[in-house]
Amino acid sequence: MDPSLVDAVMPSVTAAVAAYGANVLVHAEDAAAMETVRLGQRLLARLRRNEDVQPRIDVAVQDLTSALDDEDFLGALRAQIKKALAEDADLASDLKKLLTDSPVTAQATGTRSVAVTHNDGVISTGDNATIQR
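In structure tokens, the structure reads:
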């Protein structure tokens, strides 16, 4: 299981959850929705295709909708995605294809979030941060 795939999936999935809440699980694709949200919906739909995985993903998404800035709920969803990838060999290739077929986007959600597609330097969002090189 490739941990970087989980890292690649999470921004789009959390953007979809942030935009639609628990309705992301059943919300029809909206033409005006951002590409990141639509990608998140497609990723969630593929994750939920397995009937053993679906209830776990659903609970994690519903929990996250109640507190989008809560790192514990975000971590719980991440853990469920990681478990799903470990249990289904085809899932990783399907998610990679969805990510590859979509344009590169960066979505920042939550307090002090930063959205970048590439960074070679320091990004600091903390109070009174001291950065040394």
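Throughout, the working numbering is defined as the position within the sequence shown, counted from one, plus 411.
Even for Gly, the Cβ is constructed at its ideal location relative to N, Cα and C.
Am I right that residue i and residue j are in contact with their C-beta atoms under 8 Å? What's the rounded C-beta distance?
i, j, result
"residue 460", "residue 506", "Contact flag wrong, Cβ pair sits at about 11 Å."
"residue 454", "residue 435", "Going by Cβ atoms, the distance from residue 454 to residue 435 rounds to 10 Å, so no, they are not a contact pair."
"residue 489", "residue 417", "6 Å"
"residue 475", "residue 420", "Contact doesn't hold; Cβ gap of about 14 Å is too wide."
Please work out which residues of its chain come closer than 8 Å, Cβ to Cβ, to residue i, disregarding the five sequence neighbours upstream and downstream, and give them in chain order.
i, result
"residue 463", "498"
"residue 442", "Summary for residue 442: the model assigns pLDDT 42, below 50, so the residue's position carries little reliability; its value from the coordinates is reported in the next sentence. Nothing listed; no residue qualifies."
"residue 413", "496, 503"
"residue 487", "471, 474, 475"
"residue 542", "533, 535"
Given a threshold of 16 other Cβ atoms within 10 Å of its Cβ, counted over all protein chains shown, does residue i qualify as buried or as exposed?
i, result
"residue 470", "exposed"
"residue 426", "buried"
"residue 406", "No information on residue 406 is available, as it lies outside the stretch 412 to 544 that the chain covers here."
"residue 500", "exposed"
"residue 540", "exposed"
Closest to residue i by C-alpha separation, out of the options, would be which residue?
i, options, result
"residue 432", "414, 479, 492, 537", "479"
"residue 494", "536, 447, 467, 544", "467"
"residue 415", "540, 512, 481, 492", "492"
Counting only the same chain and skipping the five closest in sequence on each side, list residues whose C-beta sits under 7 Å from that of residue i.
i, result
"residue 440", "The predicted model places residue 440 with a pLDDT of 45, which falls under 50 and marks its position as unreliable, so this point remains unresolved."
"residue 508", "none"
"residue 513", "446, 450"
"residue 465", "459"
Among residues of its own chain, excluding the 5 on either side of residue i, which ones have a beta-carbon nearer than 6 Å to its beta-carbon?
i, result
"residue 510", "419"
"residue 430", "448"
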